[in-house]
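Colleague:
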Amino acid sequence: MSTTEVLERTAAADASNPYLQGNFAPVAVETTAFDLPVKGQIPAELAGRYLRIGPNPAGPVDPKTYHWFTGAGMVHGLRLRGGKAEWYRNRFVVNDRVAPVLGRPGLPGPRNGFGDNANTNVVDMGGRTFAIVEAGSLPVELTYGLESVARSDLGGTLQHGFTAHPKLDSVTGELHAVTYQPGLQAISYVVVGRDGRARTVADIPAPHCPMIHDTAFTARFAIILDLPVHFDMALIASGGFPFSWDEQMTPRIGLLPRSGDLSGLRWIEAPSCYVFHVMNAYDDGDAVVVDVVRHPKMFAREMRGPSEGRPILVRWRIDLVSGALSETVLFDRGLEFPRFNDARAGQSYRFGYTASAGDHTQDFGAVFKHDVVGGATQIHDHGPGRHTLEPVFVARDGATAEDDGWIMAYVYDEARQASDVVILDAQDFEGPPVAVVELPVRVPYGFHGNWIADPA
Ligand SMILES: [Fe+2]
82 MSTTEVLERT AAADASNPYL QGNFAPVAVE TTAFDLPVKG QIPAELAGRY LRIGPNPAGP
142 VDPKTYHWFT GAGMVHGLRL RGGKAEWYRN RFVVNDRVAP VLGRPGLPGP RNGFGDNANT
202 NVVDMGGRTF AIVEAGSLPV ELTYGLESVA RSDLGGTLQH GFTAHPKLDS VTGELHAVTY
262 QPGLQAISYV VVGRDGRART VADIPAPHCP MIHDTAFTAR FAIILDLPVH FDMALIASGG
322 FPFSWDEQMT PRIGLLPRSG DLSGLRWIEA PSCYVFHVMN AYDDGDAVVV DVVRHPKMFA
382 REMRGPSEGR PILVRWRIDL VSGALSETVL FDRGLEFPRF NDARAGQSYR FGYTASAGDH
442 TQDFGAVFKH DVVGGATQIH DHGPGRHTLE PVFVARDGAT AEDDGWIMAY VYDEARQASD
502 VVILDAQDFE GPPVAVVELP VRVPYGFHGN WIADPA
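Structural data, given as structure tokens:
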């Protein structure tokens, strides 16, 4: 079978697995397009790339066992400069499965013992661009034009695997990460400096190997989510996704002093749930506030993707005196992919942004702006047959108001069978878009991304 034939088979939607259908279906071709059509006006001060990554298998997969989280990474990027959409590119993130399908050499760089698939986020670390993932696989460095360069252990400083969600502390310029890797029996708190080099601050014993997708930090603590989805070697032997719900475990949140002093680590019992994403967290006197998207369960019966009840936005307030956690619902419609103004990370904040996800984390559509202080939620509906996922907030240069900036998102248009990049004015959230950039191809539903401004 030729490479073209393999890729054509890849593109064929499979009716038996929802994560291979519709706009979940992978795209087969790497596209490069220049001078894209724009409706409206791209803000002239935006110079950089809006990157997004997601799973995109590069060859046949078994629809019976295919899990959305396991597809090879494909990164998408839109370059903006001088009010123009200069280019769009999508590229596979090369790994051992992708290379032979594409007829390319394998990727150089160190290995870390548990996979090599980086498909969940694309970030800047130390001025370089990386595709990243949790559970062991190392970051993959990408060129400005999104070609895979090499696996990276950040110059030998990353002891184990990494995470898909390093969180930027705008006060220090450091990235805070909570990592884990099956087989290590530990959760690591890792900090990456401005220079892109990592240091392991603490290793927390965790023989049950919880799936920890995200973290947050406050001025005092790193937040450790130890919730009942665990690695299960037996599932690997059966060819399936290796994490499942553990009914026996008591869910808990760890408050680890940022010094990494394990003697100060405090565990707080949490509601029975699973959390992929924290919006933000902060200290509030004798309390810690943690805003999360709470799923009622995860991977208890659906082993192909997250789809076990409505994920909603809640606030957990942890009383440090009593050790009690209380929950307030901030918004009870199904949603996911929370973002906010990253400059507020670890501090009190007012505005968050999420994507509508329906009751089963698959029914994407509108985007929400939450006033977590005032309580109101605004909705931007992209129109019939138009669906978006993660809304990325980009602050305006010199902004003082928390929501002075733009919301960027990849929006799939059913009618066009292609995607747009839509730019909203975050302060006129329900108003018409500032700009809509028409891409020539579909961007499949995927995970995370960021605006990476060009160096000044
Ligand atoms: Fe995520």
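Heads up, the numbering used here is the position in the sequence shown plus 81, with the first residue counted as 1. We treat Cβ as the ideally placed atom computed from N, Cα and C, and that holds for glycine.
Any idea if Q329 is buried or exposed, counting beta-carbon neighbours within 10 angstroms, 16 or more meaning buried?
Modeller: By the neighbour-count rule (16 or more Cβ atoms within 10 Å), Q329 is not buried but exposed.
Colleague: Which ranges does the beta strand (DSSP E) cover as unbroken runs of at least 3 residues, wholly within the segment 206–262, from first to last along the chain?
Modeller: Segments of the beta strand (DSSP E) lying fully in the segment 206–262: 209–213, 221–223, 229–232, 256–261.
Colleague: Determine the DSSP secondary structure at Q459, reduced to helix, strand or coil.
Modeller: Three-state result, Q459: strand.
Colleague: From R178 to V156, what does the alpha carbon distance come to, in whole angstroms?
Modeller: Their backbone Cα atoms lie some 16 angstroms apart in a straight line.
Colleague: Assign S344 to one of three DSSP states: helix, strand, or coil.
Modeller: In this structure, S344 counts as helix in the three-state DSSP scheme.
Colleague: According to the Cβ coordinates, are R375 and A351 closer than 7 angstroms?
Modeller: Cβ atoms of R375 and A351: not closer than 7 angstroms.
Colleague: Which value, in whole angstroms, describes the spacing of the CA atoms of N198 and T210?
Modeller: Approximately 16 angstroms, taken between the alpha carbons.
Colleague: With DSSP as the reference, identify every bridge partner of R133, one or two as the case may be.
Modeller: Its beta-bridge partners are H157, G530.
Colleague: According to DSSP, which residues form a beta bridge with M489?
Modeller: V473, I504.
Colleague: Assuming R431 and D452 form a contact by the criterion Cβ under 8 angstroms, report the distance between their Cβ atoms to the nearest whole angstrom.
Modeller: Right, their Cβ atoms sit about 6 angstroms apart.
Colleague: Counting C-beta neighbours from all protein chains within 10 Å, is the total for H289 16 or more, i.e. buried, or is it exposed?
Modeller: So H289 ends up on the exposed side.
Colleague: Near V410, what residues of its chain come up, given a Cβ to Cβ distance below 7 angstroms and the 5 sequence neighbours on each side ignored?
Modeller: Once the five neighbours on either side are set aside, the close Cβ partners of V410 are I393, V395.
Colleague: What did DSSP end up calling F510 once you bin it into helix, strand or coil?
Modeller: Three-state DSSP puts F510 in coil, outside helix and strand.
Colleague: From V271 to P465, what does the alpha carbon distance come to, in whole angstroms?
Modeller: Answer to the nearest angstrom: the Cα atoms are 43 angstroms apart.
Colleague: Any idea which residues DSSP pairs N202 with across the strands?
Modeller: For N202, which the question treats as bridged, DSSP gives the partners I213.
Colleague: Any heavy atom of ligand 1 closer than 6 angstroms to the Cβ of A496?
Modeller: Checking the Cβ of A496 against ligand 1 gives no.
Colleague: Just to check, is the beta-carbon of A424 closer than 6 angstroms to a non-hydrogen atom of ligand 1?
Modeller: No, the Cβ of A424 stays beyond 6 angstroms of every heavy atom of ligand 1.
Colleague: Would you check if the segment 524–531 and the segment 120–135 touch, i.e. whether three or more CB-CB distances between them fall below 8 angstroms?
Modeller: Enough Cβ pairs lie closer than 8 angstroms, so yes.
Colleague: Looking at F474 and G486, is the spacing between their C-beta atoms short of 7 angstroms?
Modeller: Yes, these two residues count as a Cβ contact at 7 angstroms.
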